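Just below is one structure, and these are the notes that go with it.
Protein chains: 2
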Amino acid sequence: MNKPNIVILGAGYGGMMTTVKLQKSLGLNEAVLTLVNNNDYHYQTTWLHENAAGTLHHDRTRIPIKEVVNMNKVNFVLDTVVAIKPEEKKVKLKNGELSYDILVVALGFEAATFGIPGLTENAFTIGNINSARLIREHIEYNFAMYHNDSKKNQARLNIVIGGGGFTGIEFVGELANRIPELCKEYDIDKNLVRIINIEGSPAVLPGFDPQLVEYAMNSLEARGVEFITGALLKECKPASIVYEKDNKEVEIPTLTTIWAAGVRANSIVETSGFTTNRGKVEVRKDMRVPEYDDVFVLGDCALIMNPDTGCPFPPTAQIAIQESQTVAHNVKALIQGNDELESFEAKILGTVASLGANDAIGVILNNRKLFGFKATVMKKIIDNRYLLKLGGFSLLMRKGKFNIFY
Amino acid sequence: MNKPNIVILGAGYGGMMTTVKLQKSLGLNEAVLTLVNNNDYHYQTTWLHENAAGTLHHDRTRIPIKEVVNMNKVNFVLDTVVAIKPEEKKVKLKNGELSYDILVVALGFEAATFGIPGLTENAFTIGNINSARLIREHIEYNFAMYHNDSKKNQARLNIVIGGGGFTGIEFVGELANRIPELCKEYDIDKNLVRIINIEGSPAVLPGFDPQLVEYAMNSLEARGVEFITGALLKECKPASIVYEKDNKEVEIPTLTTIWAAGVRANSIVETSGFTTNRGKVEVRKDMRVPEYDDVFVLGDCALIMNPDTGCPFPPTAQIAIQESQTVAHNVKALIQGNDELESFEAKILGTVASLGANDAIGVILNNRKLFGFKATVMKKIIDNRYLLKLGGFSLLMRKGKFNIFY
Numbered sequence: 001m002n003k004p005n006i007v008i009l010g011a012g013y014g015g016m017m018t019t020v021k022l023q024k025s026l027g028l029n030e031a032v033l034t035l036v037n038n039n040d041y042h043y044q045t046t047w048l049h050e051n052a053a054g055t056l057h058h059d060r061t062r063i064p065i066k067e068v069v070n071m072n073k074v075n076f077v078l079d080t081v082v083a084i085k086p087e088e089k090k091v092k093l094k095n096g097e098l099s100y101d102i103l104v105v106a107l108g109f110e111a112a113t114f115g116i117p118g119l120t121e122n123a124f125t126i127g128n129i130n131s132a133r134l135i136r137e138h139i140e141y142n143f144a145m146y147h148n149d150s151k152k153n154q155a156r157l158n159i160v161i162g163g164g165g166f167t168g169i170e171f172v173g174e175l176a177n178r179i180p181e182l183c184k185e186y187d188i189d190k191n192l193v194r195i196i197n198i199e200g201s202p203a204v205l206p207g208f209d210p211q212l213v214e215y216a217m218n219s220l221e222a223r224g225v226e227f228i229t230g231a232l233l234k235e236c237k238p239a240s241i242v243y244e245k246d247n248k249e250v251e252i253p254t255l256t257t258i259w260a261a262g263v264r265a266n267s268i269v270e271t272s273g274f275t276t277n278r279g280k281v282e283v284r285k286d287m288r289v290p291e292y293d294d295v296f297v298l299g300d301c302a303l304i305m306n307p308d309t310g311c312p313f314p315p316t317a318q319i320a321i322q323e324s325q326t327v328a329h330n331v332k333a334l335i336q337g338n339d340e341l342e343s344f345e346a347k348i349l350g351t352v353a354s355l356g357a358n359d360a361i362g363v364i365l366n367n368r369k370l371f372g373f374k375a376t377v378m379k380k381i382i383d384n385r386y387l388l389k390l391g392g393f394s395l396l397m398r399k400g401k402f403n404i405f406y
Numbered sequence: 001m002n003k004p005n006i007v008i009l010g011a012g013y014g015g016m017m018t019t020v021k022l023q024k025s026l027g028l029n030e031a032v033l034t035l036v037n038n039n040d041y042h043y044q045t046t047w048l049h050e051n052a053a054g055t056l057h058h059d060r061t062r063i064p065i066k067e068v069v070n071m072n073k074v075n076f077v078l079d080t081v082v083a084i085k086p087e088e089k090k091v092k093l094k095n096g097e098l099s100y101d102i103l104v105v106a107l108g109f110e111a112a113t114f115g116i117p118g119l120t121e122n123a124f125t126i127g128n129i130n131s132a133r134l135i136r137e138h139i140e141y142n143f144a145m146y147h148n149d150s151k152k153n154q155a156r157l158n159i160v161i162g163g164g165g166f167t168g169i170e171f172v173g174e175l176a177n178r179i180p181e182l183c184k185e186y187d188i189d190k191n192l193v194r195i196i197n198i199e200g201s202p203a204v205l206p207g208f209d210p211q212l213v214e215y216a217m218n219s220l221e222a223r224g225v226e227f228i229t230g231a232l233l234k235e236c237k238p239a240s241i242v243y244e245k246d247n248k249e250v251e252i253p254t255l256t257t258i259w260a261a262g263v264r265a266n267s268i269v270e271t272s273g274f275t276t277n278r279g280k281v282e283v284r285k286d287m288r289v290p291e292y293d294d295v296f297v298l299g300d301c302a303l304i305m306n307p308d309t310g311c312p313f314p315p316t317a318q319i320a321i322q323e324s325q326t327v328a329h330n331v332k333a334l335i336q337g338n339d340e341l342e343s344f345e346a347k348i349l350g351t352v353a354s355l356g357a358n359d360a361i362g363v364i365l366n367n368r369k370l371f372g373f374k375a376t377v378m379k380k381i382i383d384n385r386y387l388l389k390l391g392g393f394s395l396l397m398r399k400g401k402f403n404i405f406y
């Protein structure tokens, strides 16, 4: 009865898919499977910007772990990982400790603020259910305060988004759709509200096709979004932000700054002593860390070079889900004493960025460009496909996105 | 073409009902009717506690003035009254000035804080649509912040209500019903939330029948409300309140204090030079101020002694609405050169205090006591009756309360 202990840390895209695949492929007598997470739910990080804007309720974004994981086959531990001790084959939790024979690290990302003064204290990030729902509340609160101040404060109506990457632009798209509703709710003139996106590169969505970027900017500007590109955030104060553009510093009064310009791997992988490259573990082809044969790392904590581009694969849900296939296969192989581990191979199926519920841009297989309605449909197909993979038809029916006509 | 100018200040219960009555009873050629208000809507002050608790949307509570007032017959001025100059027969507004031949002052109440330190800065009041909706947002915001603080802060979940009078108790009743919903929304353990009502008298709802008060306290305590009676609020700090009871000072950490223990007449009646008694104008039997024959005051700005009790009538919607009948009648008489003005006579039809949507207590005609379901129904009948009077059947259908079964 000496079954190996498989411990999976984190229930994001990578950790959840690994767990679900192993619970299907491993027999009950082959191994003990333990999943550790700091919430009793999984959430779709790629939907959080909608929760933050208030266009989608956060309960649509999260999925109770017990609805997807078979609790008869998997031990679930609700706790926070504090450290990994690979020499001792142990994981230190806030309220305890776990031993493992095989470890899967899928601890996701955290915000990176690059030492910009005031960001940690004064800006919000779209990192999890709690922080996303707080942004929604914070914006509503400032709108509600507007007519209660003896002197009207424009900083309550200026919303600054630092970063014009994927998250920043997707959030801006949702927010632009939400503002008219909020103005109605709080009796505020729509023309007073400013949504300001600040991006360091000369254009937003760096890396995207320039034609699609232009489409996206036009779509958002038509809904009142202002873009300040080629500008660097210098400081985030309690009631304003300062950016630098063309060697001049400009201050914008705002009580709402959302920092969407940087993520890094969960710092636990670095502090636990694995060799890291820009905070991530450069894993072997079989997704194991260089130093230990019993530790896998995937998702935002792992770094894999894309041989086609010479750059690392981006920290996306798509990559994390594909990696989980390799990890699950290789964990099973180790358990069964099979030394032939498979190598990770990415299949980039395309990338779609939403610009609100009714607009999107994207590039799919063979570099086909999409925008508008077709891209919106494609985005929802991607979202729904994940739900189907994770929890089957019943989960898709409960959490899927089917409202393609607006 | 020398038609007399009738100017009505304020679109609360008294001002609105006076306007609606005069627009019906006066011919277009008899007078020019002007209504001044600082919002383009009327609202039901007696429903604001529901908006503040978040159990009723504020758009149910407010009624656009143009939906009730015939804009072909009445000039509506959206402005704030700054001062009344009865010697010059003028009203100074923030953005202008109006002359009148007959003036009706119905400027309502403002919060009275009795000089308690910190109340003005740190406590909320349920005074209008803006302040009520802010309370709703403020509570939600603190619940949303709870899981975002690195150290959990109980002050976010403690809600203190200063005052166990009508408004305080009605608000507490709504809030007790709302908390379970809020806890679900923000993943907070219901048992951590405290609703604390602080009242200076030995029991809440002073003046109410003791049996009904006991019923009310039991109903609310069963829903988790804590009562601290015989206690005086000493100070409201940014993150706590201090009260004194039995000569001991106690501090409760809270970020949410709602002050519902005192209202006074709009201070404009005092600063405009009318003789006042505790801030109100002790009007003549015909509702005119003692010094001027062309100025009427009603509602919360007027003081009339109840001959049966020797005390002033309370500042209620019921009294204001009854006074508007006398004012409208007497304004019309003056216009028509009729010197026989009628005297105000109150008909107290009863008082019902709600304890949330599904419970209430009340005393109706002939001191009949009501509680529970019957009182709830009676409360809704009173609310609906006003809508019928103000805007007829169509307004009742749009804004009435018909959901008596919960």
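From first to last, the protein sequence lines stand for chains P and F. The first sequence begins at 1 in full-length UniProt numbering and counts up by one. The second sequence begins at 1 in full-length UniProt numbering and counts up by one. For every residue, glycine included, the Cβ atom is placed at its ideal position computed from N, Cα and C. As the structure is a prediction and not an experimental result, all values here were calculated from the model.
Integer-rounded CB distance, given that residue j should sit under 8 Å from residue i
i	j	result
Leu205 of chain P	Gly165 of chain P	7 Å
Asn153 of chain F	Thr256 of chain F	Between Thr256 of chain F and Asn153 of chain F the Cβ distance is about 12 Å, and since that is not below 8 Å, they are no contact.
Glu137 of chain F	Glu140 of chain P	6 Å
Val105 of chain P	Phe296 of chain P	7 Å
Asn122 of chain P	Lys237 of chain P	6 Å
N-terminal and C-terminal residue of the beta strand (DSSP E) that residue i is part of
i	result
Glu249 of chain P	248–253
Leu35 of chain P	32–37
Ile84 of chain P	81–85
Ile258 of chain P	256–259
Glu282 of chain F	280–282
Ala328 of chain F	Looking at the DSSP string, Ala328 of chain F is not in any beta strand (DSSP E); the run it does join, the alpha helix (DSSP H), is 317–335.
Leu26 of chain F	Element bounds for Leu26 of chain F: n/a, residue is neither H nor E.
Lys92 of chain F	90–93
Leu78 of chain P	74–78
Ala265 of chain P	263–265
Identity of the residues DSSP links to residue i by a beta bridge
i	result
Gly43 of chain F	According to the sequence displayed, residue 43 of chain F carries Tyr and not Gly. According to DSSP, Tyr43 of chain F bridges with F:Arg62.
Gly350 of chain P	P:Ile364
Asn158 of chain F	F:Arg194
Glu244 of chain P	P:Leu232, P:Glu249
Leu9 of chain P	P:Val36, P:Val105
Phe296 of chain P	P:Val104, P:Arg288
Thr276 of chain P	P:Val281
Glu199 of chain F	F:Thr229
Lys237 of chain P	P:Ser240
Pro312 of chain P	P:Met305
Alpha helix (DSSP H) segment containing residue i, residue limits
i	result
Phe166 of chain F	166–185
Glu97 of chain F	No alpha helix (DSSP H) holds Glu97 of chain F; the beta strand (DSSP E) holding it covers 96–99.
Phe143 of chain P	129–146
Leu48 of chain F	48–53
Lys379 of chain P	373–399
Leu220 of chain F	210–222
Val269 of chain P	268–271
Leu119 of chain P	119–122
Min CB distance residue i to chain F below 8 Å
i	result
Asn37 of chain P	no
Asn191 of chain P	no
Arg133 of chain P	yes
Glu50 of chain P	no
His42 of chain P	no
Residue-level contact to chain P via CB, residue i, 8 Å cutoff
i	result
Ala144 of chain F	yes
Tyr141 of chain F	yes
Ser267 of chain F	no
His147 of chain F	yes
Asn130 of chain F	yes
His329 of chain F	no
Glu137 of chain F	yes
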